[in-house]
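There are 2 protein chains.
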Amino acid sequence: MTERKRRVTATDVARSLGLSRATVGYVLNNTPGQSIPAATRERVMAEAARLGYRPHRVAQALASGRSMIILLVLPDWPMEHSLRQTLETASRVLDDAGYALVTYTRHEGGQARPLWELLTPDVVIAWTSITAAERTSMQVSGITQILPVLQEERSALASPTLTAGTHLQIHHLHEQGHRRLAFATSVNERFSLLSEGRAEAAREASDRVGVDLLDVRPVDHRDGSVAEAVREWHREGVTAVATFNDDIAAMAVAAAQRAGLSVPGDLAVIGHDDTPMASMLYPSLSSVSIDSVGLGHYLANQALHAAEDRPLPEAPPDLQAAIVVRESTRR
Amino acid sequence: MTERKRRVTATDVARSLGLSRATVGYVLNNTPGQSIPAATRERVMAEAARLGYRPHRVAQALASGRSMIILLVLPDWPMEHSLRQTLETASRVLDDAGYALVTYTRHEGGQARPLWELLTPDVVIAWTSITAAERTSMQVSGITQILPVLQEERSALASPTLTAGTHLQIHHLHEQGHRRLAFATSVNERFSLLSEGRAEAAREASDRVGVDLLDVRPVDHRDGSVAEAVREWHREGVTAVATFNDDIAAMAVAAAQRAGLSVPGDLAVIGHDDTPMASMLYPSLSSVSIDSVGLGHYLANQALHAAEDRPLPEAPPDLQAAIVVRESTRR
DNA sequence: TGGAAGAGCTTACGCGTGCAAGCCGTGTCG
DNA sequence: CGACACGGCTTGCACGCGTAAGCTCTTCCA
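Keeping their order, the protein sequence lines are chains P and A. Using the numbering used here, you'd call the opening residue of the first sequence number 180 and step up by one each time. Using the numbering used here, you'd call the opening residue of the second sequence number 180 and step up by one each time.
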């Protein structure tokens with residue numbers, strides 16, 4: 180009784196029906212090129228259901244050479260709301276196609292055995308730059324499909340999607356009548372890639388719409404750099420700040436309030452990502468909402484193409500970012 | 180050349196050395212009960228390294244019946260900072276023992292193929308209540324080790340750890356001289372288990388220290404219920420609010436400010452979980468910091484014991500919660 | 001009426017590994 | 001001098017599945 184229950188295998192189903200395992204396999208997999216009468220098909224399906232047969236994924240993976248697992252390597256960012264939505268969407272799309280999406284956040288300290296060695300995924304999506312060593316490790320583990328998302332070379336996603344919101348921020352501030360702006364990024368090293376990209380986008384957008392971007396700098400609340408930044412901005416006549424994300428925006432608002440400035444009266448602030456937090460604060464934060472669902476679809480499709488060795492569609496995703504206007508920039 | 184590189188197998192190593200595969204296997208696994216001279220051991224190790232041999236986890240899993248994967252089913256909460264730290268810790272501990280920790284957040288809509296069917300983990304840790312159907316699905320998939328974390332029956336973790344912080348909140352507010360309190364929970368259904376637990380803890384703690392807990396209610400910023408709550412509290416002489424988490428606390432602070440009340444002057448507010456956000460706001464939020472690292476160790480150890488069929492230690496984890504005093508409750 | 005075509009199966013191998021059981025040669029002890 | 005232990009290996013099966021190749025019997029047409 181303490182003995183562990185053996186799981187039901189395809190052999191059990193076959194034996195119970197007096198058929199061969201192959202036939203059962205053909206039916207269950209709907210293998211093309213086999214002539215099996217509907218009657219037999221039904222008998223097999225019924226018996227499999229009756230016995231509670233579940234294919235053993237591990238054995239399938241070994242035999243077929245495909246694990247039906249897609250591994251998404253995430254950057255070490257706090258998991259924001261929009262990212263979660265993206266993941267959910269991607270996961271659902273992949274699930275419909277029979278794949279499982281597993282997410283993996285790397286540790287600071289570095290893990291001894293990275294997850295791709297254990298899971299043998301069919302595809303790895305690298306939503307963060309991966310080192311040469313990691314790349315080698317993947318290849319040695321037999322992973323041939325490695326999709327970069329943020330990498331320089333093939334960043335279909337990087338430029339348009341991840342910086343479009345920044346352009347919108349600048350446009351919005353300009354529309355609100357602001358002419359002297361600043362951009363605040365994160366001191367967090369992990370964001371550097373994205374942070375740089377958005378800062379650059381802010382410069383471009385400012386040039387284009389004709390406003391002065393007087394300052395771009397990383398700020399933090401712990402070392403007093405936000406406080407300092409806010410003071411300087413005010414002194415130099417900056418009337419609005421665009422930020423890298425909602426966290427930075429929240430910090431900027433708090434610093435302004437501490438300095439006795441009113442938001443948005445003395446300083447307008449706009450965040451990025453439209454975190455739930457943005458609408459919870461006072462003043463509520465204007466922000467940029469990302470098409471996280473669309474992004475999820477895009478990621479999933481990229482992965483599916485790669486998994487089935489089809490060429491990747493080169494068309495950039497049609498993702499929309501949108502300004503969400505709230506109190507922190509409303510006049 | 181376009182042909183996919185075959186991966187290096189133990190057979191390759193054996194052949195290249197003129198040894199049998201079994202010997203290679205014994206050396207690589209350090210199998211006890213085998214007498215293999217150091218010289219041979221070294222030859223095998225060297226050759227394996229030279230060829231870049233990596234054991235095929237899938238084959239290992241099939242042969243040994245153990246996947247060395249531990250699946251953590253997470254509630255559908257926003258992934259907070261402390262949770263991330265818990266996961267990192269647990270992941271690292273498990274990694275040292277050769278296990279991989281995979282996290283899985285269930286979808287609202289329900290996924291067709293849950294991850295445990297695809298990964299065949301050795302252990303599933305359910306950090307959220309799982310339905311009977313899910314339990315059956317796991318068992319059919321051959322998973323015998325299912326560890327509940329939040330479940331009624333065996334909630335070694337639930338009561339002490341997840342509600343200790345609430346007691347601290349009440350004590351802290353009492354110490355600060357507050358005598359008429361309220362407790363704000365989340366309207367979010369997903370939190371209900373935890374939410375209820377903490378609300379109950381708040382009642383207990385209030386009784387014990389001798390303060391009046393005048394109101395316990397779920398609040399939200401979207402339907403105006405926070406605003407209403409703050410108004411009523413003020414009218415009834417409530418001077419301090421303890422909350423379910425930092426999000427609720429932030430909402431309460433914002434609502435108070437909107438109503439023209441000062442925090443903490445007119446209303447003191449304390450959060451829970453010590454989110455990074457807590458220190459970014461103005462006024463900064465007092466909160467409760469959880470021993471997330473300790474929790475991670477605890478989870479990992481539970482999983483390890485289960486994975487190796489050892490009895491679970493009944494001793495409750497020695498986890499500490501601590502008040503972090505910031506502006507929102509400082510007089 | 002003979003042969004080909006095909007329907008409806010089965011047999012058998014491979015995926016890469018863990019591990020029980022066995023096999024040969026040398027040394028030791030009674 | 002024979003039995004026996006043991007070091008140092010090898011042979012071989014199992015894990016559960018995908019699937020190529022083959023096998024038998026019927027049908028159909030020249």
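Virtual Cβ for every residue (Gly too), placed ideally from N, Cα, C. Bear in mind the structure is a predicted one, so any value in this text is a computation, not a measurement.
| Item | Value |
| --- | --- |
| Closer than 8 angstroms at the beta carbon, the chain P residues around A/Ala279 | Arg292, Leu294, Leu297, Leu298 |
| Buried versus exposed, by CB contacts within 10 Å (16 or more), A/Asn208 | exposed |
| Beta bridge counterpart(s) of A/Asp394 as assigned by DSSP | A/Ala361 |
| Cα-Cα separation between A/Met247 and A/Pro300, rounded to whole angstroms | 7 angstroms |
| Where P/Val467 sits in the DSSP three-state scheme | strand |
| Span of the alpha helix (DSSP H) around P/Ala242 | 236-243 |
| Any 3 or more C-beta pairs closer than 8 angstroms across the segment 388-406 of chain A and the segment 358-376 of chain A | yes |
| Burial state of P/Glu267, where buried means 16 or more other Cβ atoms lie within 10 Å | buried |
| Residue nearest to P/Pro293 in terms of C-alpha spacing, selected from P/Gly277, P/Leu250, P/Arg263 | P/Leu250 |
| Beta-carbon neighbours of A/His413, restricted to chain P and to distances below 8 angstroms | Within chain P, no residue comes near A/His413; the closest Cβ sits about 16 angstroms away, beyond 8 angstroms. |
| Alpha carbon of A/Leu483 to alpha carbon of P/Leu393, nearest angstrom | 55 angstroms |
| A/Ile502 vs A/His351 beta-carbon contact at 8 angstroms | yes |
| Counted within 10 angstroms of its Cβ, other Cβ atoms place P/Gln481 as buried (16 or more) or exposed | buried |
| Proximity test, Cβ basis, 8 angstroms: A/Gly439 and chain P | no |
| A/Leu498 and A/Asp452 closer than 8 angstroms at C-beta | no |
| One or two residues paired with A/Thr508 in a DSSP bridge | Its beta-bridge partners do not exist; DSSP assigns none. |
| Interface partners of A/Met247 on chain P, CB under 7 angstroms | Leu297 |
| Boundaries of the beta strand (DSSP E) in which A/Tyr511 is found, first to last residue | Limits of chain A in this structure are 180 at one end and 510 at the other, which puts residue 511 of chain A out of reach. |
| Buried versus exposed call for P/Glu407 [16 or more other C-beta atoms within 10 Å across all chains shown] | exposed |
| A/Ala419, DSSP secondary structure in three states | strand |
| Residues within the segment 306-331 of chain P neighbouring chain A, beta-carbon criterion of under 7 angstroms | Val319, Ser320, Gly321, Thr323 |
| Close Cβ partners of A/Glu506 (< 6 angstroms) along its chain, the five nearest in sequence each way excluded | Pro462, Ser463 |
| Within-8 angstroms CB hit, P/Leu241 to chain A | yes |
| Chain A contacts made by the segment 447-459 of chain P, where a contact means CB separation under 8 angstroms | Pro455, Met456, Ser458, Met459 |
| Residue nearest to A/Arg186 in terms of C-alpha spacing, selected from A/Ala193, A/Glu487, A/Ser195, A/Arg233 | A/Arg233 |
| Buried/exposed call for P/Ser261, threshold 16 Cβ in 10 Å | buried |
| Beta-carbon separation (whole angstroms), A/Leu326 vs P/Ala279, contact threshold 8 angstroms | No, A/Leu326 and P/Ala279 are not in contact; Cβ-Cβ is about 21 angstroms, not under 8 angstroms. |
| Local conformation of A/Ser199 per DSSP, three classes | coil |
| Check whether A/Asp445 and A/His476 have beta carbons under 8 angstroms apart | no |
| Residue environment, P/Thr190, which counts as buried when at least 16 other CB atoms sit within 10 Å | exposed |
| Strand pairing of P/Val281, partner residues [DSSP] | P/Leu250 |
| Short CB-CB distance (under 8 angstroms) between P/Arg333 and chain A | At P/Arg333 the pLDDT is 39, less than 50, meaning the model places this residue with poor confidence; the figure from the coordinates comes in the next sentence. So no, P/Arg333 is outside the interface. |
| A/Gln355 - partner residues in DSSP beta bridges | The partner list for A/Gln355 (beta bridge, DSSP) is empty, contrary to what the question assumes. |
| Given 8 angstroms, three or more beta-carbon pairs between the segment 216-229 of chain P and the segment 218-227 of chain A | no |
| For A/Gln213, the three-state DSSP class (helix, strand or coil) | coil |
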